[in-house]
Amino acid sequence: MTAAVRRRSRPEPEPSGDARAGVWLCLLALLLWVQTAAAALPLDQYYQETWTTREGLPHNTVNAITQTPDGYLWLGTWEGAVRYSGLRFQNFDRNAGTDMLDSGVRALTLEADGGLLVAGSRGSIVRLHNGHWQRQPAAPTLVTDVLRDRLGRLWAGTENGGLMRIDPDGRRQHFVVSPETGGGSVYALAEDALGRIWAGTSRGLMRASEDRLLPAPDRGGVLGERRVLSLLLGAQGQLLVGTEHGLFASQQPVAAAADPDLAFAAREPELAATSISRLLVDRRGNLWIGTVSHGLFRRSEDGLDVLDTGSGLPNNRVLALYEDREGNLWIGTNGGLVRLGEAPFSTLTRRHGLADDFVRSVLELPDGHILAGTSRGLSLINGHRIEAWPRLPGEASGLSVLSLARAAGGVWIGSYNSGALRVEGERVVERVGREQGLPSNEVRALLEDRSGRLWIGTTQGLALRQGDALTVYGTTEGLPGEYIVALFEDSQGTLWVGTGTGLGRIREGRAETLSLAGAGAVESVFSILEDSRAGVLWLATDRGLLRWRRSDGQLAAIGHGAGLPFEKFFAVLTDAAGDLWLTGNRGVLRLPAAAAHAYADGRAETVPFEHFNESDGMASAQCNGGSGPPALRRSDGSLWVATALGVAHVAPERLDDFAEQAPPVVIESLLVDGAQLPLAPRVDLPAGTSRIEVGFAGLAFVMPQRVRYRYRLEGFDHGWIERGEQRSAVFTNLGPGDYALHVQAAHPNGPWSEREGRIDFRIAPHWWQRPWAWLLLAALLAASVHHLLRRRLLRHEQNEIRLRELVEQRTVDLRLQAQRLQEADAEKNVLLERLREQSEAFERQAREDALTGLANRRAFDELLAYEFARAGRSDQPLCVALVDLDHFKRINDEYSHAAGDAVLRAVATRMRALCREIDTVARWGGEEFALLLPNTRLSDALVVCERVRAGLERMELDEVAAGLRITVSIGLASHEGHADYDRMLSQVDAALYAAKQSGRNRVAC
């Protein structure tokens, strides 16, 4: 049965007789769901991602799927309700504070206010709202479906326990499906526009009255008592009914039809014997039909498609269907979770009809079709259809194809061991090989120039065929090498030749070699592209992208130094917007051409890029090169790339569609001084809090790993801080006060999210930092001044009594009093100055480690970012080391934490003495220290680190504890070969781990 509908089926046969009108009414109503759908992509060409227990699911059976307003995807499994952010699964079972009676989850339903109903084993029903779990009244048995109707009543369908209703006042009503047994199963629930509850049961379709379940109206009795496993109310009110034997639909909106008139008709005759487990209509109007044992079907305007285990589904039992806000279709099966959707790239492989997965070259034919040369023959790609080419068997059939080129009559094919063949009218009409004078039968490049001459690039030289004459060019004739991999004719008629050992060109029959010495150790030139308006050639080489300027012959290389993640490129293309596209062994890069020119001119330090690989729809990120063309820009603007696993293609103008919808941001974790705190809109932190780490996530399911973040700490930062793809922010030694962390996310080239993540926190002050302490200090100062004034007045009164007798003495007293007042004023100024110095000290605490006086992690990160960028600009060396005290915990355990603090201070002092003036010593955290060694090569950095290690080993700590000695392990790395300092730090951390694993008390790099 599956094979019969593997591809699009023919239109369904038209009924005859009296049933014709009713069926047509049903079809017209259901076509309202699909009439606006665009031509559907074949199911096996959608991008598929699958998750199982290996990727973090607690159980491979996914019973239910939904999405909450905050953007999280929720999954119901037998081991709990799972929250998915796009990058991480978090499981909530009965032991996670959920109030569940059992961990098994069968149903998930979103309520109108954003609450989530979670129901399943042992009749458990709980509600999650605003982060709080609340138990609901339990059902008698396993809950199969649950909903909250518009009156606030809770309905729960059960397995062999009938239907339960809980009214808002707590009253229960039990509905039996089978009066004979008092039970019966309810598999699906739906509420129509009139608020009536429809139930799919073990005895057919039923509808709930106030106190009982009644068989649903069904004029003609089409449904009968067959089990109903799924229900779906369409946008126009028609009811779709999935049963154990086929799919049915109401012929009228169920809320509009009078009961006696309501009738149902069968849908999808191919599925008449199939059990329908789930139904969904997507935003394009396509109807998705999940089955119990035959996979997933889709009804579109192009017909009926199927997706099963033979085309990528992990299991043929479909238990859940859901379309998220990004348009992804999520499929829950017995074998895991599947995301079905579009991605930036699509890939055609042998599974779709290619002759072989290993594709070496692609060529667009005059009619717009794509010819793909593989290791086992040629394939013609015409839209979604792929077929062997030539269609007739012959010499070209099954050929190992290396290169392709258009010919005035037909197509030239370069082979691995059969020379060059010209195919015209789907048959080989000409062959050029060793017998005709070709230096080798391995043909890696072909070009028929504007004059009609044929150039054939082989592994032993370049051949020019004019008429019957064959001329061979090699190193003797002036080419840099004889392993020819690329041929290109520019706008001036010059032939450019890419070889395995350099770049050559042929003008007016003369070959010459162009020096690439100014671009580093370039050997292979794999592809050549001309930008005639800019007057440059772009060269894809094994040492980056080269720009050759025609006006002065200047060469500039764009590779690791520009921040690119790799620099061996096989092809260079431009899209309609002028951006550059580069292919390589690690995927495809897109660079803004203006940024590439700016870097090549010395006006920029880096080149921004987008990196595409398997996570973006490529079946393999390994693009092929060394023959060609390895990639092309089609006349419709799409780009096609030959890879080790099929032909990947992308429409650049559609990439902005993926980035346009900015992902919402949620705060996921709060770590304060190493302790995990529960999340709340506002968190109060104690005085002396030194380290705060906030984790966050942008909830995107298409390209989640490429989401970018930025944050702003209100109360500390003046602007937004870009974090790239890092999903956390760390703050150390913040002063007391109120703070609010704002986080935004965006896709590459997309807008920042308006719906930002936010968490507010307050750090309490020490007693001397509180307002009352400042007021008390001011009061003491005022009291002092008041006391001095009172003393002056008292003495003045006494002096008046003795004025006549002690005039001279009073003058002296007055002078002394004036002096005292000046001293008091000076004391006040000194006190105010101390207060100002204390305020400045608080400010320093944000960047200084309080225990050792060294720079803290935040200050070190800022300096590392600056030095890393400066090292890249000036081509100066830079090294970073992490120093870890061996067995430091023993010191705390055996001598006390006070002794440990004394050791850390002593180590900090000693390290500053052992390092150079240009070095920076910082406390990394705990017993770890960091060294920043600018303008230092790795060999010199090893000397410095060894000096530090030996010096600390010899350091006497008897004043802390008699006989106490310490050793350290040091990890060291250089910035060379790293695109950013985070990766450099990862290497340092790995080196430190290696030093510890090797016995500690050593330096590793």
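3 is the number of the first residue of the sequence shown in the numbering used here; add one for each residue after it. From the three backbone atoms N, C-alpha and C, an ideal C-beta is built for every residue, glycine too. Remember, predicted model here, so these are calculated numbers, not experimental data.
{"Query": "C625 - DSSP class collapsed to helix/strand/coil", "Result": "strand"}
{"Query": "Enclosing beta strand (DSSP E) for Y711 [first to last residue]", "Result": "R710 to E716"}
{"Query": "Through-space distance from D284 to A39, alpha-carbon basis", "Result": "Bear in mind that the predicted position of A39 carries a pLDDT of just 39, short of 50, making it unreliable; the figure below should be weighed with that in mind. Computed Cα separation, rounded: 9 angstroms."}
{"Query": "Cα-Cα separation between E978 and L880, rounded to whole angstroms", "Result": "8 angstroms"}
{"Query": "Proximal residues to T4 (C-beta, below 8 angstroms), its chain only, five neighbours per side dropped", "Result": "Here the model assigns T4 a pLDDT of 31, short of 50, so the residue's position is not dependable, and the following value carries that caveat. Taken in chain order, the residues that qualify are H296, G297, V308, D310 and G312."}
{"Query": "Contact between the stretch 643-651 and the stretch 610-623 (3+ Cβ pairs under 8 angstroms)", "Result": "yes"}
{"Query": "Length at least 3, wholly inside the stretch 417-503: the beta strand (DSSP E) runs in chain order", "Result": "422-426, 429-434, 445-450, 456-460, 463-468, 471-475, 486-491 and 497-501"}
{"Query": "CA-to-CA distance, L59 to L215, given in whole angstroms", "Result": "38 angstroms"}
{"Query": "For R467 and I458, believed in contact at Cβ under 8 angstroms, the rounded distance", "Result": "7 angstroms"}
{"Query": "Same chain, Cβ closer than 6 angstroms to V84, neighbours up to 5 away in sequence not counted", "Result": "L77, F91 and N93"}
{"Query": "Reduced DSSP category for L805 - H, G, I as helix; E, B as strand; rest coil", "Result": "coil"}
{"Query": "Exposure of T55, with buried meaning 16 or more beta-carbon neighbours within 10 Å", "Result": "exposed"}
{"Query": "Cβ pair A513, E479 closer than 8 angstroms", "Result": "yes"}
{"Query": "Test item: CB-CB of A963 and Y897 under 8 angstroms", "Result": "yes"}
{"Query": "W391, buried or exposed, once every other Cβ within 10 Å from all chains shown has been counted against 16", "Result": "buried"}
{"Query": "N-terminal and C-terminal residue of the beta strand (DSSP E) that D903 is part of", "Result": "Taken as a continuous stretch (DSSP letters only), D903 belongs to no beta strand (DSSP E), being part of the alpha helix (DSSP H) at H899 to L916."}
{"Query": "Separation of G164 from D220, as counted between CA atoms", "Result": "21 angstroms"}
{"Query": "Best match in E869, I560 and H134 for proximity to A600 [C-alpha to C-alpha]", "Result": "I560"}
{"Query": "Cβ-based neighbour list, C28, same chain, cut-off 7 angstroms, excluding 5 preceding and 5 following", "Result": "Note that C28 scores a pLDDT of 39, beneath 50, so its modelled location is shaky; the value from the coordinates is reported in the next line. Same-chain partners within the cutoff: A251, Q253 and A267."}
{"Query": "Cβ pair count under 8 angstroms reaching 3, the stretch 693-713 against the stretch 327-340", "Result": "yes"}
{"Query": "Coil, strand or helix - V885 by DSSP", "Result": "strand"}
{"Query": "Any alpha helix (DSSP H) of 4 or more consecutive residues that is wholly inside the stretch 581-629", "Result": "595-602"}
{"Query": "Burial state of L779 (16 or more Cβ within 10 Å)", "Result": "exposed"}
{"Query": "Bounding residues of the beta strand (DSSP E) (the contiguous stretch that carries E948)", "Result": "Taken as a continuous stretch (DSSP letters only), E948 belongs to no beta strand (DSSP E), being part of the alpha helix (DSSP H) at L940 to R956."}
{"Query": "Distance between beta carbons of L944 and Q1007, contact taken as under 8 angstroms", "Result": "In the sequence on display, residue 1007 carries Cys and not Gln. Confirmed, Cβ separation roughly 7 angstroms."}
{"Query": "Residues of its chain near R875, where Cβ-Cβ distance is below 8 angstroms and the 5 sequence neighbours each way are ignored", "Result": "E607"}
{"Query": "Runs of beta strand (DSSP E) wholly within the stretch 529-570 (minimum 3 residues, chain order)", "Result": "538-543, 546-551 and 557-560"}
{"Query": "Residue environment, V1005, which counts as buried when at least 16 other CB atoms sit within 10 Å", "Result": "buried"}
{"Query": "Closest residue to Y692 among P170, V188, R849 and A447 (Cα-Cα distance)", "Result": "It should be noted that the sequence gives Ser, not Tyr, for residue 692. When only C-alpha atoms are compared, the closest one is R849."}
{"Query": "Beta strand (DSSP E) segments (min. 3 residues) lying fully within the stretch 273-322", "Result": "278-283, 289-293, 298-302 and 305-309"}
{"Query": "Contacts around E51, its chain only, beta-carbon distance under 6 angstroms, and the 5 residues preceding and following it disregarded", "Result": "R341"}
{"Query": "CB of G305 within 8 angstroms of CB of L273, strictly", "Result": "no"}
{"Query": "Contacts around N1003, its chain only, beta-carbon distance under 8 angstroms, and the 5 residues preceding and following it disregarded", "Result": "D888, R951, E955, T969, V970 and S971"}
{"Query": "First through last residue of the beta strand (DSSP E) which encompasses M208", "Result": "G206 to A210"}
{"Query": "Limits of the unbroken beta strand (DSSP E) element including R129", "Result": "I127 to H131"}
{"Query": "Buried or exposed (CB count within 10 angstroms, at least 16 for buried), L994", "Result": "buried"}
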